[in-house]
Every structure is written in structure tokens, then in C-alpha cells.
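Under my numbering, the final residue of the sequence shown carries the number 242; numbering is consecutive throughout.
Just below is one structure, and these are the notes that go with it.
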Amino acid sequence: MQNQTLIIIPVFNEEKSIGRVIDDLIENYKKADILVVNDGSTDKTQEILQSKRVNFVMHIFNMGIGASFETGCQYALTHGYKYIVRMDGDGQHSFNFIDDILKPVQEDKADITMGSRFLGNSEFKTSATRLIGIYIIAFFLTLLTKRKITDPTSGFCAMNKRAFQFFSENCAEDYPEPEILVYHKEFRIKEIPISITRRYGGISSITPLRSIYYMIKVFISLVVKIF
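Here you go:
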């Protein structure tokens with residue numbers, strides 16, 4: 016019997032971690048189905064997915080996190096899911112927070128629930144450049160949407176069908192959430208505190224230089240969409 020919730024995990028070259036992420040979810044969280052979107056990985060990610068009891072979709076080439084999430088949302092629509100949860104494939108997002116993130120959308124108190132690394136007792140650490148970029152985008156989004164948003168790029172979120180249907184057709188290439196929050200302001204948004212753990216393995220593709228590039232790109236895109 017199909018669950019009402021689909022966990023979407025976009026991945027790119029996560030051979031060191033995705034197997035363990037899948038095993039953790041299968042063993043510890045049975046209230047949702049899993050879809051891994053392999054975004055053109057060139058390592059052994061695809062081989063690992065084929066060896067697991069998990070649904071997956073593969074992009075022929077790397078299309079970006081936004082396109083991967085859009086693919087996942089389209090899959091959720093096609094297969095009749097009511098809710099989706101988006102998680103990273105590196106192990107930093109714990110299954111222990113899934114129920115907390117889902118609760119507001121399941122109780123119809125929010126269309127989108129976003130996990131925030133800056134609420135509660137989280138001891139989130141990252142590079143100074145990335146941290147500054149997150150703060151700037153969060154501040155800008157708070158002004159534009161008139162909602163307090165602390166962490167628009169955590170990547171750990173839940174949505175109801177109304178929200179993920181919109182994402183299935185309107186997703187930015189990088190960090191899709193900030194643009195959508197501004198573009199479609201009537202979404203009811205709630206943040207809940209989360210904490211993240213160390214990567215299970217491998218190296219993040221988001222280097223300090225790429226982080227600066229992404230943040231500037233998102234910021235300019237937001238300004239263009241609004242003005």
C-alpha cells in the first residue's frame with residue numbers, strides 16, 4: 016500500500032553517503048516512500064541505487080538542484096502523493112525531524128514547512144562567506160514576504176500538494192525556495208528548528224567560491240523577479 020508522503024532526495028555524486036541515507040530511512044522511517052533523483056552523477060551513485068529497494072529517477076546529465084526537485088515533485092503528482100519531504104543525500108538531514116517538519120502541513124497549518132538551522136539549540140557551523148549569504152537572502156526575503164524567514168537554503172522541507180504542484184512547474188536552477196517564496200507569496204510558511212549532522216562521506220560540491228556565486232545569483236534573480 017502506498018504511503019501519502021514521498022521523500023525526495025536529489026543527489027549528485029554521493030556514492031560515499033547515499034547508500035547509508037537510504038538504509039537509515041528504510042529501517043527507521045516507514046511512513047513515507049522514497050524517491051532518489053540522480054542528477055547525472057558520474058561516480059557509483061547509480062550502481063548503489065540499483066542495489067537498493069528504492070525508487071529512483073536519473074537525469075542523463077547534471078541539471079541542478081532545482082531541476083532535480085522539480086522532477087521529484089512531478090513524480091509525486093503523477094503518483095498521487097499528498098505530501099512531500101525534501102532531504103539531502105549526504106546524511107546531514109536526520110530522519111528524526113521528518114515528523115516535526117511534516118506535522119504543520121498535515122494539520123493544514125502551513126503549505127510549506129522549512130527546517131531552520133538557526134532556531135532552537137542548533138550549533139550550525141559553515142563558512143563565513145556562506146553564512147553571510149544566507150543571512151542576506153533571509154533578510155531580503157523577510158522584507159519582501161513580510162514573514163520572518165531565518166534559513167531559506169537548508170534544503171530540508173515539507174510541502175502539501177498545493178505547494179509541490181507549483182514547484183513541479185516553477186523551479187529555479189539553484190536554491191529554488193527563495194524565488195518561489197517571493198513569486199508565490201500566498202503560501203503559508205512555517206519554520207521549525209532542526210539540527211544537522213556531519214556528512215556520512217564525500218566532499219560537498221558547494222565550495223566557498225561556488226557558495227558566493229550561488230548566493231549572488233539567487234539575490235540578483237530575486238531582485239529581477241520583484242522589480
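Beta carbons: idealized from backbone N, C-alpha and C, even for Gly.
Assuming residue i is part of the beta strand (DSSP E), what are its boundary residues?
| i | result |
| --- | --- |
| Phe71 | 70-74 |
| Glu30 | Looking at the DSSP string, Glu30 is not in any beta strand (DSSP E), and its letter there is neither H nor E. |
| Ile209 | Here Ile209 belongs to no beta strand (DSSP E), and DSSP marks it neither H nor E. |
Which term fits residue i, buried or exposed, when burial requires 16 or more other beta carbons within 10 angstroms of its beta carbon?
| i | result |
| --- | --- |
| His94 | exposed |
| Gln107 | buried |
| Gly170 | buried |
| Thr57 | exposed |
| Phe182 | buried |
| Thr212 | exposed |
| Phe154 | exposed |
| Glu184 | exposed |
| Asp166 | buried |
Cα separation between residue i and residue j?
| i | j | result |
| --- | --- | --- |
| Phe84 | Asp54 | 10 Å |
| Ser109 | Asn70 | 20 Å |
| Asn111 | Ser210 | 10 Å |
| Val51 | Ala125 | 25 Å |
| Gly130 | Ile75 | 30 Å |
| Phe27 | Lys46 | 25 Å |
| Ile164 | Lys97 | 25 Å |
| Arg68 | Lys161 | 43 Å |
| Phe179 | Ser32 | 26 Å |
| Asn175 | Pro208 | 19 Å |
Helix, strand or coil for residue i, going by three-state DSSP, please let me know.
| i | result |
| --- | --- |
| Asp54 | strand |
| Leu134 | coil |
| Ala173 | strand |
| Tyr98 | strand |
| Ile22 | strand |
| Ile49 | strand |
| Thr157 | helix |
| Ile127 | strand |
| Tyr44 | coil |
| Gln107 | coil |
| Gln17 | coil |
| Ile164 | coil |
In the DSSP assignment, find the alpha helix (DSSP H) that holds residue i and state where it starts and stops.
| i | result |
| --- | --- |
| Lys118 | 113-121 |
| Gly90 | Position check: residue 90 holds Tyr in this sequence, whereas Gly was assumed. Start and end: 80-93. |
| Asn201 | One point to set straight first is that residue 201 is Glu, not Asn, in the sequence displayed. Premise fails: Glu201 is in no alpha helix (DSSP H) and is neither H nor E. |
| Gln65 | 60-65 |
Could you check whether the Cβ of residue i sits closer than 8 Å to any heavy atom belonging to the ligand GDP?
| i | result |
| --- | --- |
| Gly148 | The model on display carries no ligand, and the ligand GDP is accordingly not part of it. |
Looking at chain B, is there any beta carbon in it that lies within less than 9 Å of the beta carbon of residue i?
| i | result |
| --- | --- |
| Gly106 | Going by chain labels, chain B is absent from the structure shown, which holds only one protein chain. |
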